[in-house]
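According to this note's numbering, the sequence shown is numbered sequentially starting from 218. We put the CB at the ideal spot given by N, CA and C, even for glycine. Only a predicted model underlies this, so the values are computations on that prediction, with no experimental measurement involved.
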Amino acid sequence: MMGIFVTTCLLTLSIVPPAYLQYASFAPFIPEKQKKWTVAGYVVCFMAETLVLLYLFLSGQCSHSIFMFKKLYSLLWTPYFIWAITIIRPHFFRHIYVFALRTIFMLMLHTLIYYLFYVFIQLGMFTNSNTLIHYSLELFIYTISYILCLPVLIRYFNDIFRNDHALSTRGYWKYICVLPCLLLAESLFFVTQSVPNVIYFEMLVPRIIISCATLLIALSVRAGINQADAIYLTYERNDALAAQIQSSQNYAQSLNESQTLMEQFYEKRREYLQKLTKLISDHDYDKALALIEHIGLKLNQTKRQEYCKNIVVNAALTTYLSAAIRKGIAVTAQADIPDCSPAFSTDLSMVFSNLIENAVHASEKQAESRRVLTLLVVRQEDMLNILIKNRFDGTVTFNEDGLPTTDAPGHGIGMKSLARFRDEYHANVICTCEKGWFSTYIRLALPAT
Numbered sequence: 218m219m220g221i222f223v224t225t226c227l228l229t230l231s232i233v234p235p236a237y238l239q240y241a242s243f244a245p246f247i248p249e250k251q252k253k254w255t256v257a258g259y260v261v262c263f264m265a266e267t268l269v270l271l272y273l274f275l276s277g278q279c280s281h282s283i284f285m286f287k288k289l290y291s292l293l294w295t296p297y298f299i300w301a302i303t304i305i306r307p308h309f310f311r312h313i314y315v316f317a318l319r320t321i322f323m324l325m326l327h328t329l330i331y332y333l334f335y336v337f338i339q340l341g342m343f344t345n346s347n348t349l350i351h352y353s354l355e356l357f358i359y360t361i362s363y364i365l366c367l368p369v370l371i372r373y374f375n376d377i378f379r380n381d382h383a384l385s386t387r388g389y390w391k392y393i394c395v396l397p398c399l400l401l402a403e404s405l406f407f408v409t410q411s412v413p414n415v416i417y418f419e420m421l422v423p424r425i426i427i428s429c430a431t432l433l434i435a436l437s438v439r440a441g442i443n444q445a446d447a448i449y450l451t452y453e454r455n456d457a458l459a460a461q462i463q464s465s466q467n468y469a470q471s472l473n474e475s476q477t478l479m480e481q482f483y484e485k486r487r488e489y490l491q492k493l494t495k496l497i498s499d500h501d502y503d504k505a506l507a508l509i510e511h512i513g514l515k516l517n518q519t520k521r522q523e524y525c526k527n528i529v530v531n532a533a534l535t536t537y538l539s540a541a542i543r544k545g546i547a548v549t550a551q552a553d554i555p556d557c558s559p560a561f562s563t564d565l566s567m568v569f570s571n572l573i574e575n576a577v578h579a580s581e582k583q584a585e586s587r588r589v590l591t592l593l594v595v596r597q598e599d600m601l602n603i604l605i606k607n608r609f610d611g612t613v614t615f616n617e618d619g620l621p622t623t624d625a626p627g628h629g630i631g632m633k634s635l636a637r638f639r640d641e642y643h644a645n646v647i648c649t650c651e652k653g654w655f656s657t658y659i660r661l662a663l664p665a666t
């Protein structure tokens, strides 16, 4: 009875490490709620399978044999996998990719351990009489070996499934997951066939070849994704540079227009002064007051909005906030941003550009009376506190980092840029969508100049 209990527990326990790998591959970028549901489901699966198998074996409804264990082993993983793809969504093709690679690794590991036992038996270190003890020991060694390999496997899948790859690899996995599945099908061929002459040590070389091919595919996938991400980053930086150049050009054009208006006013200053003198001498004070207001209006037209002392950031704020005003959005802005290093000023200006542009797009979807955008930047010694908020009545989905996510093609670049800025400058970023307001709060230390 103790032998049945130990073997059954080892059998069901050996399913857990591959199932955990299926979950851990996605853990860094799934919500906490999905994590809890996945782990809870795994616990239920383990307990249910263990209790059901113990009942079947102890009641004699299933034979306690190696053949039965191998049949069960090909079925016990199913509840874990179905539960994972049900809870951790929408990543079906990535799940297939993880499942194919983890199964090939499982088969290779089993084959190596079986071959090791075969060598020990041939050397007389193990007897060939009690196969159940050998099988229990093999399951124990396999489980420990898989657990020891988990950190490497998890790091690989986390690397290729990083959340910032989502934009550039959305349609990639439905095609690439087929390759390891084909290799898995080849590796499983002898398992599904009744070929008595094929034993595990004779399958060692073919499975090593398949495992090497799988390893090459896995490394190629990672290299390809890293290259695609590098290209995407280059494109993002080029796009940011182009936007900054355009912003600077618009700001320079605005200054030129201001200078032109000032020159025109300067040319008419004598005419204004003569008119004003005549009106005052004629005691026509109403017209004189109207002329003064007209002169004041002309002077105001020559001014250009200065939101902050940082020239680079001010150019971006002037360009994008002016565009928001032209679109009928009520803008309230106050920014206390000092001169900083060129690199930081450029990065900060791109964050403002992206966030304001997102706010403008969201505001355009609101009723005209609800188109409001507020920007507030407060400096406290060497700390910068930034708040940008706008009206938004829709629903926003946030990832585990608290940043909004979107499946719309061509969107999400602004938040990806914000994530890079947060990581590079160790900023705290909080995004909320409450009571009809979408807000982005950023707090960071000003870098030393």
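Within the same chain, show all residues whose beta-carbon is closer than 8 Å to that of L572, passing over the 5 residues directly before and after it, in chain order. I605, G631, L635 and T657
Which residues DSSP lists as bridging N571, in chain order: None; N571 has no bridge partner.
For the candidate residues T614, T612 and R596, whose alpha-carbon lies nearest to that of A662? R596
Quick one: Cα of K652 to Cα of E523, how far? 31 Å
Taking 6 Å as the limit between beta carbons, can you name the residues of its chain near G513, skipping five residues before and five after? none
Return yes when the Cβ of G341 is within less than 8 Å of the Cβ of I304, no when it is not. no
From the DSSP output, in three-state form, read off F337 for me. helix
Would you call the region 328-340 and the region 285-296 in contact, with 3 or more CB pairs under 8 Å? no
Endpoints, beta strand (DSSP E) assigned at C650: N645 to E651
Starting from W654, follow its DSSP beta bridges and name the residues at the other end. R608 and E651
T549 - partner residues in DSSP beta bridges: T591
Bounding residues of the alpha helix (DSSP H) (the contiguous stretch that carries R543): I528 to R543
What residues are listed by DSSP as bridge partners for M600? Q597 and A662
Does the separation of the CB atoms of T295 and L421 fall below 8 Å? no
Candidates L228, N443 and N467: which alpha carbon is nearest M264's? L228
May I ask you to report which of helix, strand or coil DSSP gives F243? coil
Kindly list the residues whose CB is nearer than 6 Å to the CB of L333, restricted to its own chain and excluding five residues on each side of it in sequence; keep chain order. none
I'd like to know if the region 573-593 and the region 606-613 are in contact, where contact means that at least 3 CB-CB pairs between them fall below 8 Å. yes
Given that a residue counts as buried once 16 or more other Cβ atoms are within 10 Å of its Cβ, and exposed if not, what is V269? exposed
Since I believe P664 is in contact with S558 (beta carbons under 8 Å), could you give me their beta-carbon distance rounded to a whole number of angstroms? 6 Å
So what does DSSP say about F309, is it helix, strand or coil? helix
Okay, do the region 422-436 and the region 357-365 touch, 3+ Cβ pairs below 8 Å being the bar? no
Contacting residues, own chain, Cβ-Cβ under 7 Å from A356 (five flanking each side not counted): First, the residue type needs correcting, since residue 356 is Leu and not Ala in the sequence shown. Excluding sequence neighbours, L356 sits near L227, L228 and S231.
Let me know if L490 comes out buried or exposed under the rule of 16 or more other beta-carbons within 10 Å of its beta-carbon. exposed
According to DSSP, is F274 helix, strand or coil? helix
Output the boundary residues of the alpha helix (DSSP H) element that contains K391. W390 to I393
Can you tell me the Cβ-Cβ gap for P423 and M323, rounded? I've got them flagged as a contact below 8 Å. That pair is no contact at about 16 Å.
Could you say which of T267, H308, Y352 and K252 lies nearest to F222 if we only look at CA atoms? T267
Is P248 helix, strand or coil when you go by DSSP? coil
Local conformation of F615 per DSSP, three classes: strand
Put P621 into one of helix, strand or coil per three-state DSSP. strand
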